[in-house]
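Engineer: Protein sequences, first through last, are from chains A and B. Quick note on numbering: the first sequence equals residues 18 to 329 in the working numbering. Quick note on numbering: the second sequence equals residues 8 to 319 in the working numbering. No residue lacks a Cβ here, since even glycine has one placed at the ideal position from N, Cα and C. Fair warning: this is a prediction, and the values are worked out from it, not measured in the lab.
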Amino acid sequence: MRLLDAMMLVLLLGCGAEPSSSQEDPAPDVVLGGMVKIPGGMVRMGPRHGVSPPPETIAQPPVQSRVLADQQPWVSKAGMGLPPRYYAVSPFWIDVSEVTKAQYSRFLKETGYRLPHVAETWAQDGWNWTGPDPSPGTEEHPVVMLSWYDAREYCKWAGKRLPTEAQWLLAALGPAEDARRYPWGSEYDGDRLNHGRREPPNFDDSDGYERTSPVGSFPKGRSPYGLVDAFGNAWEYTADRRVDDWADMASSHGKNGVDSDPRTLGPGLRVAVRGGSYYFDLSEPEAEWAAFAPESRRKSAGLRCARPVPAQ
Amino acid sequence: MGRVLGPSHGGVWARVRPGGSVCLRLICTASRRTDAQQQGQQRWQATHRHGDDLYHALAVTLFFLTMLLGAAGPATVPIAAGSFLRGSDRAPDEQPVREISLGAFRIDRHEVSVGEYASFLKTGHSERKYWTEQGWRLRQSDVDPQLHRAGRDDSHPVVAVTWYEADAFCRWRGGSLPTEAQWERAACGGAPGPYPWGAQRDVSARWATFVHPTQTMTVATAPVSEDPNPSVSGLRHAAGNVWEWTSDWYLRNAHGTGLPTDPKGPAAGTWKTMRGGSFANLPSFATCTHREPAAPDVRRLTAGFRCAYSMP
Chain A
18 MRLLDAMMLV LLLGCGAEPS SSQEDPAPDV VLGGMVKIPG GMVRMGPRHG VSPPPETIAQ
78 PPVQSRVLAD QQPWVSKAGM GLPPRYYAVS PFWIDVSEVT KAQYSRFLKE TGYRLPHVAE
138 TWAQDGWNWT GPDPSPGTEE HPVVMLSWYD AREYCKWAGK RLPTEAQWLL AALGPAEDAR
198 RYPWGSEYDG DRLNHGRREP PNFDDSDGYE RTSPVGSFPK GRSPYGLVDA FGNAWEYTAD
258 RRVDDWADMA SSHGKNGVDS DPRTLGPGLR VAVRGGSYYF DLSEPEAEWA AFAPESRRKS
318 AGLRCARPVP AQ
Chain B
8 MGRVLGPSHG GVWARVRPGG SVCLRLICTA SRRTDAQQQG QQRWQATHRH GDDLYHALAV
68 TLFFLTMLLG AAGPATVPIA AGSFLRGSDR APDEQPVREI SLGAFRIDRH EVSVGEYASF
128 LKTGHSERKY WTEQGWRLRQ SDVDPQLHRA GRDDSHPVVA VTWYEADAFC RWRGGSLPTE
188 AQWERAACGG APGPYPWGAQ RDVSARWATF VHPTQTMTVA TAPVSEDPNP SVSGLRHAAG
248 NVWEWTSDWY LRNAHGTGLP TDPKGPAAGT WKTMRGGSFA NLPSFATCTH REPAAPDVRR
308 LTAGFRCAYS MP
């Protein structure tokens with residue numbers, strides 16, 4: 018069964034993966050366009066760089082949060098300088114791939130929602146939608162040019178919601194014990210994701226794609242749970258607001274000094290985005306971290322949705 | 008400051024609420040306007056105390072006192088009945104361009120300020136009659152209604168209000184939220200714009216040109232009355248500063264349907280339309296024609312409103 022699914026996946030992806038890659042396929046039984054259940058796990062938020070992996074049992078108390086002079090979301094310094102903490106995340110479902118233009122098109126047609134369109138000159142280079150159908154040939158590319166609000170409305174329509182940042186981290190990098198820096202492991206490999214480069218014009222086609230790529234084009238870049246394009250391709254909005262500190266994280270301190278299911282629901286002035294994009298250099302550790310204004314529509318900003326596990 | 012009432016505005020509606028109960032209406036009738044022009048002074052008249060000099064004097068004193076205390080009600084701008092070209096070819100949801108005729112109405116010259124909203128929180132906010140059914144339901148679940156001052160004083164526009172709250176506020180003030188068509192006519196008056204003052208983009212408006220993700224961001228509004236680029240009709244901050252709720256439900260193709268006379272938008276929907284852009288949006292979001300969908304229960308730190316009034 019697993020073998021059959023793996024073969025189907027290879028067909029779906031439309032790329033001739035070498036036999037060796039199926040060997041390292043961590044989760045061959047997930048299907049593009051579907052969802053995968055993420056078992057609960059521990060994530061580390063805040064800077065990971067240069068920090069040793071967590072001990073087997075996490076017993077240390079959480080870092081005492083500094084109390085902000087202004088605990089309001091009115092001021093955001095883009096969430097720099099978060100103290101590192103471990104958080105427990107409950108099981109949830111998440112989209113295997115980024116939301117495609119074909120999926121978003123269904124939403125546009127059924128609801129009459131606004132098209133991804135920005136009346137600025139930079140957006141007229143093929144980024145703007147002029148009707149509810151994606152331009153031919155791009156149906157399986159991730160939808161971009163969305164604001165955080167657009168992303169949220171899409172997930173709501175689909176009966177889902179945006180993942181929290183902690184959920185995203187767990188789904189993309191696996192549990193903190195694995196100490197992965199990238200979905201596939203700890204070493205950067207520019208062939209496993211659709212990335213950009215640091216210098217303008219930032220576009221980079223060394224990975225085969227100058228702009229977005231059809232979702233799932235990089236099966237070797239899959240996360241431990243089977244997510245494709247978690248890193249690269251399009252930035253992904255999370256439900257969380259960026260804060261300067263975790264002081265206002267509305268979570269209780271649970272067992273072993275570990276907080277559960279942290280959420281700082283957006284929007285505030287900045288929202289937490291993860292994953293980097295085709296327009297971004299991801300070779301540096303933690304480069305997949307960013308804060309966007311929820312109002313902005315960027316040619317690299319897309320999404321994937323999540324869904325809570327229903328209470329038994 | 009915007010509280011100084013220009014002599015060119017024939018009828019000025021003012022409402023004074025010391026203690027929340029006294030309400031004055033200032034009317035300069037046609038003959039009195041001539042009178043005033045000849046004599047170089049304006050005559051103030053309390054609506055229901057015609058000819059009573061004592062009450063007249065009292066009313067005038069009270070009005071100026073209240074103005075001094077900074078509690079004067081909204082200054083409005085009259086918009087004459089007429090037709091205008093609605094829409095543009097800049098974005099798909101602004102098409103088709105269509106001639107629309109509207110009856111006369113008045114509209115707040117300024118965006119509703121923090122101070123004005125604070126008075127509403129103390130008075131009308133707890134009165135059922137100002138709320139829609141759904142609005143009241145949300146109001147009842149909001150145990151501690153917050154004034155989202157965002158570190159700003161009373162002169163700045165209120166932000167982070169839901170559509171329901173804005174709607175109730177305008178009813179409390181004796182008006183309603185403007186329809187999309189009213190807003191567009193008041194902002195550009197049928198001129199091609201795209202901005203209320205014309206086509207210049209290199210002006211200092213409260214909009215975002217480029218905000219780097221690592222820069223500090225705040226609720227960067229200007230006081231409601233301080234606008235170096237008012238619209239031709241006299242509106243302050245029709246473009247930029249904060250988004251403004253309208254009464255219309257949002258549909259992408261709403262401009263292609265509906266009546267050409269006093270259109271009120273689709274009969275039902277999921278999103279309400281906001282207009283005018285904000286301090287966090289690019290200039291192209293702040294045109295007279297840009298339409299932005301938003302869930303009516305969402306609170307954006309970038310969104311406020313102004314009210315419209317039917318002509319007496």
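Going straight from the alpha carbon of B:Gly241 to that of A:Ala310, what length do you get?
Structural biologist: 30 Å
Engineer: For chain B, is any of its Cβ atoms less than 9 Å away from the one on A:Trp144?
Structural biologist: It does not; no Cβ of chain B falls within 9 Å.
Engineer: Should A:Gly332 go down as buried or exposed, given a rule of 16 or more other Cβ atoms within 10 Å for buried?
Structural biologist: Not covered by the structure: residue 332 of chain A. The range shown for chain A is 18 to 329.
Engineer: Name the residue from B:Gln153, B:Thr139, B:Arg180 and B:Phe292 whose alpha carbon lies nearest to the alpha carbon of B:Glu314.
Structural biologist: A small correction: the amino acid at residue 314 of chain B is Cys; Glu does not occupy that position in the sequence shown. The shortest CA-to-CA distance from B:Cys314 to any of B:Gln153, B:Thr139, B:Arg180 and B:Phe292 is the one to B:Arg180.
Engineer: Is the shortest distance between the beta-carbon of A:Arg215 and the beta-carbons of chain B less than 9 Å?
Structural biologist: no
Engineer: Strictly below 9 Å CB to CB, what residues from chain B border A:Tyr166?
Structural biologist: Glu299, Pro300, Ala301, Ala302, Val305 and Arg307
Engineer: Using the DSSP secondary-structure output, state which residues sit across from A:Val135 in a beta bridge.
Structural biologist: Note: A:Val135 sits in no beta bridge, so no partner.
Engineer: Assign B:Thr268 to one of three DSSP states: helix, strand, or coil.
Structural biologist: strand
Engineer: At 7 Å on the CB atoms, spell out the chain B contacts of A:His134, in chain order.
Structural biologist: Contacts between A:His134 and chain B, judged by CB atoms closer than 7 Å, involve Ala98 and Pro99 in chain order.
Engineer: Which of the three DSSP states, helix, strand or coil, is assigned to B:Val84?
Structural biologist: Note: B:Val84 maps to strand in three-state DSSP.
Engineer: Kindly indicate which three-state DSSP category B:Val168 falls into: helix, strand or coil?
Structural biologist: coil
Engineer: Express the C-alpha separation of A:Arg197 and B:Gly311 in angstroms, rounding to a whole number.
Structural biologist: Their backbone Cα atoms lie some 44 Å apart in a straight line.
Engineer: Which of the three DSSP states is assigned to A:Gly233 in this structure?
Structural biologist: coil
Engineer: Distance, Cα to Cα, A:Leu163 vs B:Ala287?
Structural biologist: 15 Å
Engineer: Taking 7 Å as the limit between beta carbons, can you name the residues of its chain near B:Pro267, skipping five residues before and five after?
Structural biologist: Arg105, Glu106, Ile107 and Ser108
Engineer: Could you tell me which chain B residues have their CB closer than 8 Å to the CB of A:Pro284, listed as they occur along the chain?
Structural biologist: Arg307 and Leu308
Engineer: List, in chain order, every chain A residue whose beta-carbon is nearer than 8 Å to that of B:Leu289.
Structural biologist: Under the 8 Å cutoff, chain A gives Val135, Glu137 and Ser313.
Engineer: Taking only the alpha-carbon atoms, compute the straight-line gap between A:Thr147 and A:Val135 and give it to the nearest angstrom.
Structural biologist: 11 Å
Engineer: Check for me: the alpha helix (DSSP H) holding A:Asp167 runs from which residue to which?
Structural biologist: Under the DSSP assignment, A:Asp167 falls in the alpha helix (DSSP H) whose first and last residues are Trp165 to Trp174.
Engineer: If we count the other Cβ atoms within 10 Å of its Cβ and call it buried at 16 or more, is B:Gly272 buried or exposed?
Structural biologist: buried
Engineer: Between which two residues does the alpha helix (DSSP H) harbouring A:Trp144 extend?
Structural biologist: If you look at A:Trp144, you'll find it isn't in any alpha helix (DSSP H); DSSP assigns it neither H nor E.
Engineer: What is the residue span of the alpha helix (DSSP H) that A:Ser122 lies within?
Structural biologist: Lys118 to Thr128 is the span of the alpha helix (DSSP H), which, as asked, contains A:Ser122.
Engineer: Counting along the chain, where does the alpha helix (DSSP H) carrying B:Trp204 start and finish?
Structural biologist: Here B:Trp204 belongs to no alpha helix (DSSP H), and DSSP marks it neither H nor E.
Engineer: Just to confirm the assignment: which complete alpha helix (DSSP H) runs, minimum length 4, are found wholly within the region 182-263 of chain A?
Structural biologist: 182-190
Engineer: Taking C-beta to C-beta, are A:His158 and A:Pro231 nearer than 9 Å?
Structural biologist: The answer is yes: Cβ separation under 9 Å.
Engineer: Can you round the beta-carbon distance between B:Arg259 and A:Leu132 to whole angstroms, since I take them to be within the 8 Å contact cut?
Structural biologist: 7 Å
Engineer: Going by DSSP, what residue range makes up the alpha helix (DSSP H) through B:Lys129?
Structural biologist: In the DSSP assignment, B:Lys129 falls within the unbroken alpha helix (DSSP H) covering Val121 to Lys129.
Engineer: Say whether chain A places a C-beta atom closer than 9 Å to the C-beta of B:Arg259.
Structural biologist: At least one chain A Cβ lies under 9 Å of B:Arg259.
Engineer: Please classify B:Ser133: does DSSP put it in a helix, a strand, or coil?
Structural biologist: helix
Engineer: When we look at the beta-carbon of A:Trp110 and count the other beta-carbons within 10 Å, is it buried (16 or more) or exposed?
Structural biologist: buried
Engineer: Among the candidates B:His297, B:Val305 and B:Asp269, whose CA atom is the shortest distance from the CA of B:Cys195?
Structural biologist: The candidate whose alpha carbon is nearest that of B:Cys195 is B:His297.
Engineer: Using a C-beta to C-beta distance shorter than 7 Å, which residues of chain B count as neighbours of A:Gly129?
Structural biologist: Those within 7 Å of A:Gly129 in chain B are Leu258, Arg259 and Asn260.
Engineer: Here's the rule I'm using: 16 or more other beta-carbon atoms within 10 Å means buried, otherwise exposed. How should A:Gln120 be labelled?
Structural biologist: buried
Engineer: Compare the C-beta of A:Thr155 against all C-beta atoms of chain D and say whether one is closer than 9 Å.
Structural biologist: Absent here is chain D; the protein component of the structure consists of chains A and B.
Engineer: Helix, strand or coil for B:Phe176, going by three-state DSSP, please let me know.
Structural biologist: helix
Engineer: Assign A:Glu305 to one of three DSSP states: helix, strand, or coil.
Structural biologist: coil
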